[in-house]
Structure formats: C-alpha cells, structure tokens
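Everything on this sheet refers to the single structure shown next.
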Amino acid sequence: MTQACNMQACDRDCRLGRWTRWSKCSKACGTGSMKRFRFVRFPAVGMGKCPSRRSGKRLQFRKCSNGPCEQEMAKPLVCKSQVDVSVVLDASGTVGPDGWKTTKEFAKLFSTSFEGADTDAQLSFIAFSGPKSLKQLDACTGKGGQSVDLATDCKIKMVSPFGEKTSTGRSKLESVAFMAGTRLLSGAMEMARSEFTLARRGSTKVALIVTGSRPTKKWATYMAARQLNRAVDKVMFVAVKSNTEAVREFQRWSTRPSIENVVPLRDFKYLNTVDMVDKLVTSICDKVSKA
5 MTQACNMQAC
15 DRDCRLGRWT
25 RWSKCSKACG
35 TGSMKRFRFV
45 RFPAVGMGKC
55 PSRRSGKRLQ
65 FRKCSNGPCE
75 QEMAKPLVCK
85 SQVDVSVVLD
95 ASGTVGPDGW
105 KTTKEFAKLF
115 STSFEGADTD
125 AQLSFIAFSG
135 PKSLKQLDAC
145 TGKGGQSVDL
155 ATDCKIKMVS
165 PFGEKTSTGR
175 SKLESVAFMA
185 GTRLLSGAME
195 MARSEFTLAR
205 RGSTKVALIV
215 TGSRPTKKWA
225 TYMAARQLNR
235 AVDKVMFVAV
245 KSNTEAVREF
255 QRWSTRPSIE
265 NVVPLRDFKY
275 LNTVDMVDKL
285 VTSICDKVSK
295 A
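So in the numbering used here the end of the sequence shown lands on 295, straight run, no missing numbers.
Structure (structure tokens):
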C-alpha cells in the first residue's frame, strides 16, 4: 500500500517582518534622510519570490532635517584708514521685527571691518524710530518749547558713542528691541551731528544711515541733512525696500555723487552680506586690506 507524503506546496514566497523604527537623520544639519527596513522572517521556498533588500517593499526613506547648517561666511575687507563712522539704524514700524533683526546683524558684520591690527577707527551706533502722536512729533522737532527725552519720548537712542570699544557697541546693539513707531530721521541726524563733536581731528567723518521708507517730517529732515553734511565728510544711505520717491530724497540728502553714496536694496536679505559690507567699506576708507 502506497502512502502520500510531502503534500505541501514546494514553492512559497518569503514572509517579511514588521517595519523597523525610523533611523536617525543622516545629517547633523541641513536636509538629510531617515530610513527603515523590513527583515525576512521566513525565507522563500523553492520557486517562491522575495523582494530584494533595496526594494521599496523592504527599504523606505523620508526626508529629515536638524535645522540649517551654519555656513562659514567669508570675512569682509578691513579698513586701514583713520575714520570715525556713525551708524544710524532705522527701527521704525515699516522695517518690521525681522527687518530690524537683519539690520542689527548687518551692523555687527559691518563693525568687524574696523577692528584688528593696524586699524584706526571709531564707530558709534544710533537706533531710531519716532513717536506716534502728532503732538509728540512736534515736540521732538522743537515746536512748542516742550522738553522731551530723546530715548523715551522721541524713540531716538544713542546705543554706543564714539570712544567705546566696538565689541561693546555690538553687545549693546544686540539688546536694542524693535521700536515700531514713525520715522523721525531728522532727530537721528541731529544726534549723529552732535556725536561728531567727539570725532578725532584729522579723521574722515562718515554718517552711514540704514533706512527704507520716506521719513516723517520731511522739511525737518531736509534741514537736518544740510547740517549733517556740513559737519562730516560724507553722508551715505543704504535704502532698503525704498520706493522711487524715497530714493530720490536720499540722493538729495546724501553727499555727492549720490550714485556712490546711496545704495538701494530690494530686500533685507541683500543687506547682511559680505559683498554689501565690502561695497560700503571701500567707499568709506581709502585704504583696505583682506581680513
């Protein structure tokens, strides 16, 4: 009598286990990938099939990121001339919190061009906005004879005067919050002009103004610009996101030729760059060197 045996199918596909957990991101910063696997739990038999190790049925990827990488930025040129530069920074409402953050980052990068061996520079930092009420605006421009506090009432702040270390100025600037408010550029110009009474004899005196929209109190700004131009060797503007009318006004208020002393920028992302700093430094200083 014959008895059948081995009646099960001779061919059988493999059986896969569960997916593993996702791996760690492949990069410490920037965009990388995570992966997970499925291992073979029971191998294929006979003519049975089994996905390869690289098959999407056994290996999957997905994008991941641990945040952007901090790219090493090329260093800007170093000024080797004797200069006293007052940096006037717009912190008014139209600049916005992000714009103010970028403005401060630019100022800090710019300041590094005036430090190091064989440098001979003084920097001061002024931040400005302006009061919101017409009464306070009039008081801050000298109308009515009312006494005002420039920092509290007019939102014009001497962050760091000439004579302080540049590193101290950077630290103080970092703590200056976004001010919002109007744009009382005339008051900031007056403060800068007063600051240049502390400038050194024989130094090149430059007022660098980083702003954007047209200022409040246009006539007062015109008069302040005239006085500032008489007190310094050069008045320069970096005009960020300025319309055509604003750029024309800055050209009238800057030192001539205005094409060299007014730099229009379409967006704040073009401000905090080595190229931008180098362009300004080579206009301010007649002697420069690589860092």
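The beta-carbon is built from N, C-alpha and C at its ideal position, and this holds for glycine as well. Small disclaimer: the values here were computed from a predicted structure and weren't measured.
Note on geometry: alpha-carbon atoms of residue 293 and residue 120 lie some 11 Å from one another. By the criterion of at least three beta-carbon pairs nearer than 8 Å, the region 87–101 is not in contact with the region 48–57. Taken through DSSP and simplified to helix, strand or coil, residue 59 comes out as coil. Along the region 182–221, the beta strand (DSSP E) occurs as fully enclosed runs of 3 or more residues at 208–215, listed in sequence order. Residue state for residue 50 is assigned as coil, using DSSP reduced to three classes.
Comparing C-alpha distances from residue 183 to each of 264, 172 and 130 shows the shortest one belongs to 130. Residue 266 has 241 as its beta-bridge partners, per DSSP. Taken through DSSP and simplified to helix, strand or coil, residue 88 comes out as strand. For residue 250, the uninterrupted alpha helix (DSSP H) run begins and ends at 248–257, by DSSP.
Annotation for residue 209: 88, 200, 203, 236 and 237 place their beta carbon closer than 6 Å to its own, counting only its chain and skipping 5 residues before and after. For residue 290, the CB contacts under 6 Å within the same chain, skipping 5 residues up- and downstream, are 85 in chain order. Here residue 155 is exposed: its Cβ has fewer than 16 other Cβ atoms, across all protein chains shown, within 10 Å. Contact between residue 40 and residue 27 is confirmed by a C-beta separation of about 7 Å, below the 8 Å threshold. For residue 22, the enclosing beta strand (DSSP E) stretches over residues 19–23. Beta-bridge partners of residue 132 (DSSP): 94 and 160. The C-beta distance from residue 78 to residue 278 rounds to 5 Å, short enough to fall under 8 Å. In this structure, the beta-carbon distance from residue 232 to residue 250 does not fall below 8 Å. Taking a C-beta distance under 8 Å as the contact criterion, residue 128 and residue 72 do not qualify as a contact pair. Ranked by how close their Cα comes to the Cα of residue 185, the residues 217, 252 and 195 have 217 in first place. About 4 Å separates the Cβ atoms of residue 49 and residue 16, confirming a contact at the 8 Å cut-off. In the displayed model, residue 260 falls within coil according to three-state DSSP, outside both helix and strand.
Taking a C-beta distance under 8 Å as the contact criterion, residue 160 and residue 114 do not qualify as a contact pair. For residue 26, there is no enclosing alpha helix (DSSP H), as DSSP gives it neither H nor E. In this structure, 38 is the residue among 207, 38 and 187 with its C-alpha nearest to the C-alpha of residue 67. As for any beta strand (DSSP E) of minimum length 3 sitting wholly inside the region 105–150, the runs are 124–132, ordered along the chain. Rounded to the nearest whole angstrom, the CA to CA distance from residue 142 to residue 178 is 30 Å. Between residue 63 and residue 45, the gap from beta carbon to beta carbon reaches 8 Å or more. For the pair residue 281 and residue 258, the CB atoms are not nearer than the 8 Å cut-off.
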